[in-house]
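Student: Each residue of the sequence shown is one higher than the last, beginning at 0 in numbering that gives the first Met the number 0. Backbone N, C-alpha and C fix where the C-beta goes; we use that ideal spot for every residue, glycine too. Here it is, the structure, as structure tokens.
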Amino acid sequence: MTTALIVGAGPAGASAALALLPLGFDVTVLERRPGLAPRVCGAFLGPEALAHLDRMGMGAHVRAKGVLVRYAGVSVGGGEERTVNFPVPGLALPRPELERILLDAVKERGGSLRWGVSGKPAGPTAVSVQGPGLTPSDPPVFCADHVIWADGRFSGQESIASDSGVPAWYGWNATFSGVNQVPGGMSLYFLPDGYLGLLTFKDGTSNLCGLKRRRGNPLEWGTVFNESKTQSPSLDRRMKHAALLSSWRGVGPLPFTGGLRADDGLFRVGDAAAVGDPFMGEGIGRALGTGPLVTHSFRRNTGRADDLSREIRDLWRKAYGRRFRLGNGIRGVFNHPRISQLFLRCLLAHPPIARILLPIFNRLP
Ligand SMILES: Cc1cc2nc3c(=O)[nH]c(=O)nc-3n(C[C@H](O)[C@H](O)[C@H](O)COP(=O)(O)OP(=O)(O)OC[C@H]3O[C@@H](n4cnc5c(N)ncnc54)[C@H](O)[C@@H]3O)c2cc1C
């Protein structure tokens, strides 16, 4: 039986595993976290993510656990919220719920999952492992016929890059109860130095997730939250009776890429291959789109790791290259507070432009 090791149990790793299992592969997924837990994410599943989940046979399950998101209230620079209707609805689903559904499917369909095992490249088909999830009988290096790197945005880095003195983007979030917003409600607040998304789940709890651009070390997120409320009266109104249910989580500096990372011969998927701005709410959709790319690469080329890597890079470029570049251009606008506020006001004043842009970022390749 052909063996595959997948490093990372996020949506890209799960999607790769679910693509290889029906092809008869013996699949093991390594995940450095000890188990499922909340993480920094907006928790919005766009139409592309939902279409991939339908294809994987999980659409009904996720829709039952989540709630449809049909519109967003958008506020720019502290102004009043204006409603933007989505041409196709998305879904609000807590991130651990999504991962539970995906990873249960991996196990039910015959894959194995090793929590608490961190992997580092040790050659094209070898992974050097460490972590509390290892047993005394495990070797220090795991080998397989194929290794797929689905280890997220910091793929291959020992740790998060330290402060380099240049302005950089940081992501942060927390869970609240008592937010003045109905389940399925979404509000977006664009402020001069970042933006926030507030999404309310089926059970009435809400995820507040932000991106902040700044110079220097990561911030105290409670302070950022309070400053954001001062900058935006409509956010303040929504959060008036809200109670913090979780600790604050933060991550960064975020290593956005203009396209695919440089080719090092490793088979990388999801954020490990390319990191886009969360603004378009499409990262999970692209990660879940890993399965079809993996299936095509293996069908067309069952040979050496570097051939497979080249193959999947070509497929990725065809599927995502143009819209990723467009998204990257829009992200560049966010580095300039004044221009971004003008750009967003223009979008809000001319809804047809938003109606053209939204589907570009959330359509199936
Ligand atoms: C602030 C913020 C908000 C976002 N909001 C949204 C949103 O609302 N909707 C959306 O579609 N996208 C959103 N995104 C983007 C989305 O989270 C990512 O694009 C998506 O999670 C990528 O999936 P992935 O599987 O490639 O990587 P990840 O989800 O990052 O998964 C990688 C996995 O690999 C594991 N791992 C890492 N290193 C190792 C190692 N060495 N060994 C073993 N395991 C390892 C990690 O623990 C993790 O579980 C957001 C991103 C940010 C930063």
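Give a yes or no on contact between the stretch 6 to 15 and the stretch 260 to 275, applying the rule of three or more CB pairs nearer than 8 angstroms.
Tutor: Enough Cβ pairs lie closer than 8 angstroms, so yes.
Student: Once you ignore the five residues that flank R69 on each side, which residues in its own chain have a CB closer than 8 angstroms to its CB?
Tutor: Here residue 69 refers to the residue found at position 70 of the sequence shown. The residues are N84, F85, P88, G183.
Student: Bridge partners of V126, per DSSP?
Tutor: Taking the first residue of the sequence shown as 1, we reach residue 126 at position 127. Answer is P120, F141.
Student: Let me make sure I understand the geometry here. Which of M55, S186, P33 has the alpha-carbon closest to that of P232?
Tutor: Working through the sequence shown from its first residue, we reach residue 232 at position 233. For the residues M55, S186, P33, the minimum Cα distance to P232 belongs to S186.
Student: By a C-beta neighbour count over all protein chains shown, 10 Å radius and 16 as the cutoff for buried, is R298 buried or exposed?
Tutor: By one-based count along the sequence shown, residue 298 stands at place 299. Its Cβ having fewer than 16 others within 10 Å, R298 is exposed.
Student: Rounding to the nearest angstrom, what Cα-Cα distance links R354 and G78 in this structure?
Tutor: Taking the sequence shown and counting its residues from 1, one reaches residue 354 at position 355. Taking the sequence shown and counting its residues from 1, one reaches residue 78 at position 79. Computed Cα separation, rounded: 21 angstroms.
Student: When every heavy atom of ligand 1 is checked, does at least one fall within less than 8 angstroms of the C-beta of K402?
Tutor: No statement about residue 402 is possible, as the shown extent of the chain runs from 0 to 364 and does not include it.
Student: When the Cα of R236 is compared with those of G177, W247, E219, R214, which residue comes out closest?
Tutor: If you number the sequence shown from 1, residue 236 lands on position 237. Closest option to R236, Cα to Cα, is G177.
Student: Give the C-beta separation of P123 and A304 to the nearest angstrom, bearing in mind that I take them to be a contact with Cβ-Cβ under 8 angstroms.
Tutor: Residue mapping note: residue 123 aligns to position 124 of the sequence shown, counting from 1. Residue mapping note: residue 304 aligns to position 305 of the sequence shown, counting from 1. That belief holds up - the Cβ atoms of P123 and A304 are roughly 4 angstroms apart, short of 8 angstroms.
Student: Taking G215 as the reference, which of V165, L4, S127, G320 has the closest Cα?
Tutor: By one-based count along the sequence shown, residue 215 stands at place 216. Among V165, L4, S127, G320, the Cα nearest to that of G215 belongs to V165.
Student: Suppose you measure from the CA of T256 to the CA of L44; what does that come to, to the nearest Å?
Tutor: The residue labelled residue 256 in the question sits at position 257 within the sequence shown. The residue labelled residue 44 in the question sits at position 45 within the sequence shown. Cα to Cα, the separation comes out at about 21 angstroms.
Student: Would S154 and V140 qualify as a contact pair, given that the criterion is a beta-carbon distance under 9 angstroms?
Tutor: Here residue 154 refers to the residue found at position 155 when the sequence shown is read from its first residue. Here residue 140 refers to the residue found at position 141 when the sequence shown is read from its first residue. Going by C-beta atoms, S154 is not nearer than 9 angstroms to V140.
Student: Does any heavy atom of ligand 1 sit closer than 8 angstroms to the C-beta of W315?
Tutor: The residue you call residue 315 lines up with position 316 of the sequence shown. Not under cutoff, so the answer is no.
Student: Which stretch, first to last residue, makes up the beta strand (DSSP E) that contains T82?
Tutor: What you label residue 82 is simply residue 83 of the sequence shown in a count that begins at 1. First-last of the beta strand (DSSP E) with T82: 81 to 91.
Student: Tell me which residues share the same chain as L253 and place their Cβ nearer than 8 angstroms to its Cβ, disregarding the 5 neighbours each side in the sequence.
Tutor: Here residue 253 refers to the residue found at position 254 when the sequence shown is read from its first residue. Closer than 8 angstroms at the Cβ level, and outside the excluded window around L253, lie R152, A167, W168, Y169, G170, L210, V274.
Student: What residue does the beta strand (DSSP E) around G193 start on, and which one ends it?
Tutor: For this step, residue 193 is matched to residue 194 along the sequence shown. Unbroken beta strand (DSSP E) run through G193: 193 to 199.
Student: Could you please give me the residues that DSSP links to L187 through a beta bridge?
Tutor: As a working mapping, residue 187 is identified with position 188 in the sequence shown. V73, G196, per the DSSP bridge assignment.
Student: What span of residues does the alpha helix (DSSP H) with S111 cover, start to end?
Tutor: As a position in the sequence shown, residue 111 is number 112, starting the count at 1. Not the alpha helix (DSSP H): S111 falls in the beta strand (DSSP E), residues 111 to 114.
Student: Heavy atom of ligand 1 less than 8 angstroms from the Cβ of A50, yes or no?
Tutor: What you label residue 50 is simply residue 51 of the sequence shown in a count that begins at 1. For ligand 1, not one heavy atom lies less than 8 angstroms from the Cβ of A50.
Student: Determine the extent of the beta strand (DSSP E) in which T222 is found, giving its start and end residues.
Tutor: Indexing the sequence shown from 1 puts residue 222 at position 223. No beta strand (DSSP E) contains T222, which is instead part of the alpha helix (DSSP H) from 220 to 230.
Student: Flag E96 as yes when its Cβ comes closer than 8 angstroms to any non-hydrogen atom of ligand 1, and as no otherwise.
Tutor: Locating residue 96 in the sequence shown gives position 97, counting from the first residue. Not under cutoff, so the answer is no.
Student: Specify whether the stretch 37 to 52 and the stretch 314 to 331 touch according to this definition: at least 3 beta carbon pairs, one from each stretch, less than 8 angstroms apart.
Tutor: Taking 8 angstroms as the limit for Cβ pairs, the verdict is that the stretch 314 to 331 does not touch the stretch 37 to 52.
Student: Cutting at 6 angstroms between CB atoms, please list the residues of its own chain near G58, excluding the five before and the five after it.
Tutor: Taking the sequence shown and counting its residues from 1, one reaches residue 58 at position 59. Excluding sequence neighbours, G58 sits near L52.
Student: What beta strand (DSSP E) runs, 3 residues minimum, are completely inside the stretch 243 to 293?
Tutor: Fully enclosed beta strand (DSSP E) runs of 3 or longer: 248 to 250.
Student: Just to confirm, does P33 get its C-beta within under 8 angstroms of one of the non-hydrogen atoms of ligand 1?
Tutor: Here residue 33 refers to the residue found at position 34 when the sequence shown is read from its first residue. No - ligand 1 has no heavy atom lying nearer than 8 angstroms to the Cβ of P33.
Student: Check whether the Cβ atoms of V75 and Q340 sit closer than 9 angstroms, and answer yes or no.
Tutor: In the sequence shown, the residue the question calls residue 75 occupies position 76. In the sequence shown, the residue the question calls residue 340 occupies position 341. In this structure, Q340 lies closer than 9 angstroms to V75 by Cβ.
Student: Determine the burial state of M55: buried for a count of at least 16 other Cβ atoms within 10 Å of its Cβ, exposed for fewer.
Tutor: Start at 1 with the first residue of the sequence shown, and residue 55 comes out as number 56. It is buried - the Cβ of M55 has at least 16 other Cβ atoms within 10 Å.
Student: What does S205 pair with, by DSSP beta-bridge criteria?
Tutor: Here residue 205 corresponds to residue number 206 of the sequence shown, with the count starting at 1. S205 pairs with F175, T199.
Student: Quick check on the DSSP output: the alpha helix (DSSP H) that includes A15 runs from which residue to which?
Tutor: In the sequence shown, counting from the first residue as 1, residue 15 sits at position 16. Per DSSP, A15 belongs to the alpha helix (DSSP H) from 10 to 19.
Student: Within the chosen definition, does the stretch 108 to 124 reach the stretch 24 to 37 through at least 3 CB pairs nearer than 8 angstroms?
Tutor: The stretch 108 to 124 vs the stretch 24 to 37: in contact.
Student: For the beta strand (DSSP E) that L4 lies in, which residues bound it at each end?
Tutor: Position 5 of the sequence shown, counting from 1, holds the residue named residue 4. Run containing L4: 2 to 6, per the beta strand (DSSP E) assignment.
Student: Just mark E219 as buried or exposed, buried being the case when its beta carbon has 16 or more other beta carbons within 10 Å.
Tutor: Here residue 219 refers to the residue found at position 220 when the sequence shown is read from its first residue. Burial call: exposed.
Student: Can R324 and G282 be called in contact, C-beta distance under 9 angstroms?
Tutor: Locating residue 324 in the sequence shown gives position 325, counting from the first residue. Locating residue 282 in the sequence shown gives position 283, counting from the first residue. Against a cut-off of 9 angstroms, the Cβ pair of G282 and R324 comes out as no contact.
Student: Compute the beta-carbon to beta-carbon distance between P95 and A16, rounded to the nearest angstrom, for a pair I have assumed lies under 8 angstroms.
Tutor: In the sequence shown, counting from the first residue as 1, residue 95 sits at position 96. In the sequence shown, counting from the first residue as 1, residue 16 sits at position 17. Not really, about 18 angstroms apart at Cβ, beyond 8 angstroms.
Student: Spell out the partners DSSP gives V26 in its beta bridges.
Tutor: Within the sequence shown, numbered from 1, the residue matching residue 26 stands at position 27. Beta-bridge pairing links V26 to A3.
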